[in-house]
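Below: the structure, in structure tokens.
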Amino acid sequence: MQEFYHHQLNSGISELPRIFGMTASPIKSKVGNSESSWSDNIRKLMTLMHSKVYTCVSEAVIKEFIPTSTPKFKFYRDNGIQFHEFTLRSSDFTKSAAESAQKRITKSFFALIFCLDELGVWLALKAAESLSTNEFDSFSWGHSGDRVVKNFILACVHTLKGYLRCDPEWSIGDNIKSDVELGLLTSKVCCLIDSLLEYRGLTDIRCIIFVERIITAVVLQDLLNTLLPKYNSWKTKFIAGQNCGLQNQSRRKQNDIVEEFRMGLVNIIVATSILEEGLDVQSCNFVIRFDPSPTVCSFIQSRGRARKQNSDYILMVKSGDSVTRSRLEKYLSSADIMRKESLRHSSLPCDPFEGDEYYKEAYRVASTGAIANLSSSISLIYLYCSRLPADGYFKPTPRWDEETGTLYLPKSCPLQPIHVEGNKKLLKNIACLEACKQLHNIGALTDNLVPDIVIEEAEVEEFGNEPYDENKPTYVPFEFVNRASNNSHTMYHCYLMEFNQNFIYDISVQDIFLATRIELDPEIGSTQFEMNFDRGSLSVKLRYKGTINLSPDQVLLCKKFQVTVLRILIENNMDKLATGADKCYLKDDLEIDYLLLPAIGKGEKSVVNWFAVNSVNPYNFTCKRHPPHIMTKSGLVCICKLQDALVCTSHPSGKNYFYITTGIMELDGNSSLEVRGGEVTTYKKYYEQHHGIQLEFEHQQLVKARHNFQVKNYCHGLKHGKEREASRAFVELPPELCFIVMSPIKDSIIYSFSFIPSIMHRLESLLGAFNVKKMHLDHCAQNEIETIKVLEAITTKRCNEAFHYESLETLGDSFLKYAASQQLFKTYQNHHEGLLSVKREKIISNASLCKLGCSSGLPGFIRNEPFHPNTWIIPGDKSGSYKLKELDTNGKKIYVRGERKLKRKIIADVVEALIGAFLSTGGEKAALLFMDWVGIKVSFNKIPYERQFDIQSEKLIHVSFLESQLKYSFHDRSLLVEALAHGSYMLPEIPRCYQRLEFLGDSILDYLITRHLYKKYPGMSPGLLTDMRSSSVNNDCYAWSAIKHGLHKHVLHASQELHKHIAVTLDNFDKFSSSSTFGYESETSLPKVLGDIIESLAGAILVDSGYNEEVVWESIRPLLEPLVTPETLKLHPIRELNELCQKRRYNIIQEDVSRKDGVTNYIMKVEADGVIHPYEYTGPALKDTAKKIVYKKILNSLKEREL
């Protein structure tokens, strides 16, 4: 209001909103006893809000709608514990304390004295234990005096424990009266317990206990959770604000506790004033004021938390404290006084507003009107620092030096220390306001005066939440699409598909002509590839044979031929065949238009086998040698028509069977036939007994035939086990049962056509990949790439083919991350690592890459479904439901056959895989050119990196040792210092911490290791490359390397917790270093900082060497040796167990994890073939490490069982 509203009001702006607000108390501060003081406070509120105050005429009106709790006084006697106070005061704990620790010792001392006086020895002990646990979890700018403070608090713990009983069976609350007499609990605490126990009959209690101090909330939770289970099942938790040295709670944690309270999982909340406002739990039926309300507003607000009808509001008051009792009684009557004054002021105008000095000096952003003043500047600086990068060992905060009037900001902030002079009372405010101005001038605060990362994160989140339509088109190569020609002759380009049979079979594969209306690019027109299947492999090579002109009748004949052959092979259905044959006609519709024709002859002498093509019209074939004397389902025919024919037999069951005849036998219906079991019968009897067919022409010679061939997916790239031949490869058919579909036609032609769906699917895929390449080449002609590489990049694993994009995607992902990181690092030289990471995420996120991929037209080319021959579109077949749609994209025609669902990640992965394809073929320049085409604007252009740091490096680090370890001599040694400086090391002479260099180094190491693995193992499976990269590029691997080469000794930090963590890691190093290179065997959480410095050193070398990647690799690679190989690869136990359970169908029947007071409990049970494999971990490891340990133990148990 003071910053914006009244400023606008005083500027003469009349179009201001009126304010409507609701409050239980218009008075917030302490007030005097006179009604005039109440009146003044209400008037000030009206003036500040520029509003009128209104209320109901009586409390009775409010009670009709809102339940009001019943106030009750509870009195307790004061029984101070002077003896214990004297013991602590007389202890000589502070004599050895350093000057820097005196304030913390004093603060801890008075907190414990307070607990002794107000709560008793037992709760004072709990307070001391809480301080000893949490005092050193928060990190200051230095560590001076930490040991002194720690020793003081531990001495307090030791002293207080001396007053407790040593009996292991004893616990607090066994005899409350005795506990009070011994001073373990005070009468005030006893009064609280008695008050709660009066309500122990209530099963659905919701109680809030309001206390004044955070330490009180913390220890009362411990007491009630220890004592109340002896009487009922109530559960207690505390909610309090922030306090250095105590158990700080996040807002999310507090919200979770409130939700548990609402659901009844928590019955009692011990809270400070933080919970007086904004909490609305309708079931809350009990409020206790353990400490009296300091203001009437606090009193009214806390009373209002009891929202249930007939609830109670307990006011605890010390016996004889008439002042407090009188004040609380006045608070009880305050509602009537405030109502009376509010009604009186409702007819009075507002006074002119006069702001205080904190709001007079301000910094205003002209474009937005945003304001920072002396009042808000400190909180704004703390907000800015809270959004700087942090880790588990350091939380960035500003440091104010009151003596010199200097404000020091964390090292991840680009500002130098700010020195100011002026009114000492306002000096810190003035310095923070100056810092706000400077941060805004360099863009670290936006024009709305909020940290820039807030806006960046919001944009990334908003972009990621944009609606996305998963329905994407499927393109058909334009080379295969056309309309029927109205000309007397249509020209086709002929390509001979030469087949090389790499297997032994009694039928030879015959070459086939592919005839297209559009001439194929020479690369596709001369392509060759291999199809693997059960018997071996079939090599396919295309050879251009020129053009051929066909009349409409010839075109129709060719289409009828290929539709007939392919429908019989794919569908084996006579009814569908008839439908398809009827719909073979020429019409001016878009259709898949190419011809597949049998060839006769080899090589240059190959021509179209028109004799076979004409077999689709068997009745046009006339034989001059034999009269038509053989009775068939097609009528009387000559014997020649049954020599090589494709026939169909129908059975009484309604089924149709297709056979390929190969000759006439010297057998008839009366010939002997040996059936299973050795029984001998005749063909006539067999057909009658087994099929219910009475042969009428039993003296006709039988026809030798073989079963029709089966069409399969030969694109999978895998050789199946040899297919089992039918028990009778050949059969003997009575001619009278045969309907002649095609004649004459050789079985070798039909066998050859059984490969056509897979061959044409591969050819269509190659054309799609070629068209993707051509789209890019039109933009950048010099960026040549093999079509097969593009095909690999647009093929997903789901296609189940011999190749897919995973390896290229892994390579492309690492390069994209590095390219974006380098560009951002050089462009934004004042941005901290957190902001750089957010900006990088905007470039490389799946949402961003998907959007760019869609804009480039890539989704239609992506292959994401396994090939199914029965869904393949037979060219010229008009009986299907498909309909082609023509699109015009940038002057180019694209044909769509339908839609399928594609998730964002698939499109993003394909973009990364294409980057990898260009990178592996043409190097980094080719990859950058492709990225530019797709819309990723990054480059490796040289940008001056400004560094003006005057550092005496040798005084801070052991330069010669480090350079010898790295095998690299720095030109700018300040980079080496920066690479080793942790955020907690806040000495003025340190220019920056390592976070920016770590950001850059993380990406270059990821890229270099991935590139190394890709090149060294070119034949490895895509999944293996991903696994090897994961094993090599991880913090555990880097951290072990840092320890192995002694780099942990040179980290510049001021964090006790980090020091302890490194010490624990060193204790475990000898145990695990010999058994594992990659950190998976470690049962301790490795300090992330140690992995970070490997990355920051890589970043430092990259910058110092002028972005020479090979120099970085030669320097860092020896630190990481031995690198993972396919033989040494170990899968992460979590992944390995999950895959084993999925493969063997084992069930994870229990998995529970919890962490409290620094101890993790992880329980897991796996059921394998009826046997339960359990394991429980309890220890100090973090949740992720505990999970790894548990999974590894159960995995070993399962493996032992299998052995």
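Going by UniProt numbering, 436 is the number at position 436 of the sequence shown; the sequence numbering is gapless.
Even for Gly, the Cβ is constructed at its ideal location relative to N, Cα and C.
- For Val790, the CB contacts under 8 Å within the same chain, skipping 5 residues up- and downstream, are Ala769, Phe770, Val772, Lys773, Leu914, Ala917 in chain order.
- Closest option to Ala802, judged by alpha-carbon separation, among Phe867, Gly922, Glu833: Phe867.
- Counted as a single uninterrupted DSSP element, the stretch harbouring Arg289 is not any alpha helix (DSSP H) but the beta strand (DSSP E) occupying residues 286 to 289.
- Asp909 has its alpha-carbon roughly 9 Å from the corresponding atom of Thr796.
- With at least 16 other beta carbons inside 10 angstroms of its own, Ser1032 counts as buried.
- Below 8 Å, too few C-beta pairs join the region 686 to 697 and the region 636 to 649 to call them touching: fewer than three.
- Contact check for Thr564 against Val616 passes: the beta carbons are separated by less than 7 Å.
- In the three-state DSSP reduction, Pro229 falls in the helix class (H, G or I).
- Shown here, Met931 sits in a helix according to DSSP, grouped into three states.
- Within the DSSP secondary-structure output, Gln1150 pairs in a beta bridge with Lys1165.
- Given a length threshold of 4 residues, each whole run of the alpha helix (DSSP H) inside the region 195 to 281 is given here in chain order: 214 to 227, 251 to 263.
- Proximity of the region 406 to 415 to the region 478 to 486 falls short of the contact definition, fewer than three beta-carbon pairs being nearer than 8 Å.
- One thing to note: Leu884 has its Cβ no nearer than 7 Å to the Cβ of Lys472.
- In the DSSP annotation of this structure, the continuous segment of the beta strand (DSSP E) that includes Asp888 starts and ends at 885 to 889.
- A distance below 7 Å between beta-carbons, with the five flanking residues on each side excluded, links Met1020 to the following residues of its chain, in chain order: Pro1126.
- Distance between Pro396 and Ile239, taken at the CA atoms: about 24 Å.
- The three-state secondary structure of Tyr619, taken from DSSP, is helix.
- In the DSSP annotation of this structure, the continuous segment of the alpha helix (DSSP H) that includes Phe561 starts and ends at 552 to 571.
- Put simply, the region 217 to 232 does not touch the region 298 to 308. Fewer than three CB pairs are less than 8 Å apart.
- Counting of Cβ neighbours within 10 angstroms places Met491 among the exposed residues, the total staying below 16.
- With contacts defined by Cβ atoms closer than 7 Å, Ile208 and Val258 do not form a contacting pair.
- In the DSSP assignment, Pro71 falls within the beta strand (DSSP E) that extends over 70 to 76.
- Residue pairing from DSSP places Glu732 in a beta bridge opposite Lys704.
- In the three-state scheme derived from DSSP, where H, G and I count as helix and E and B as strand, Glu674 is classed as strand.
- The beta carbon of Phe961 sits closer than 7 Å to none of the beta carbons in its chain outside the five residues before and after it.
- Under the 8 Å Cβ criterion, the region 308 to 315 does not count as touching the region 269 to 278, having fewer than three qualifying pairs.
- Taken atom to atom, the span from the alpha-carbon of Gln700 to that of His626 is near 15 Å.
- Residue Thr921 holds the alpha-carbon nearest to the alpha-carbon of Pro1018 among Ser375, Thr272, Arg517, Thr921.
- Restricting attention to Asn232, Gly525, Leu808, Asn1034, the CA atom closest to the CA of Leu1086 is found in Asn1034.
- Between Val317 and Arg325, the CB-CB gap stays under 7 Å.
- Put simply, the backbone Cα of Ser754 is about 28 Å away from that of Ala793.
- Counting other Cβ atoms within 10 Å of its Cβ, Tyr231 stays below 16 and is therefore classed as exposed.
- Distance between His707 and Ile570, taken at the CA atoms: about 14 Å.
- In the structure shown, His868 adopts coil according to DSSP, grouped into three states.
- Restricting attention to Glu498, Pro552, Ala515, Phe513, the CA atom closest to the CA of Gln528 is found in Glu498.
- CA-to-CA, the gap between Asn175 and Thr226 works out to about 13 Å.
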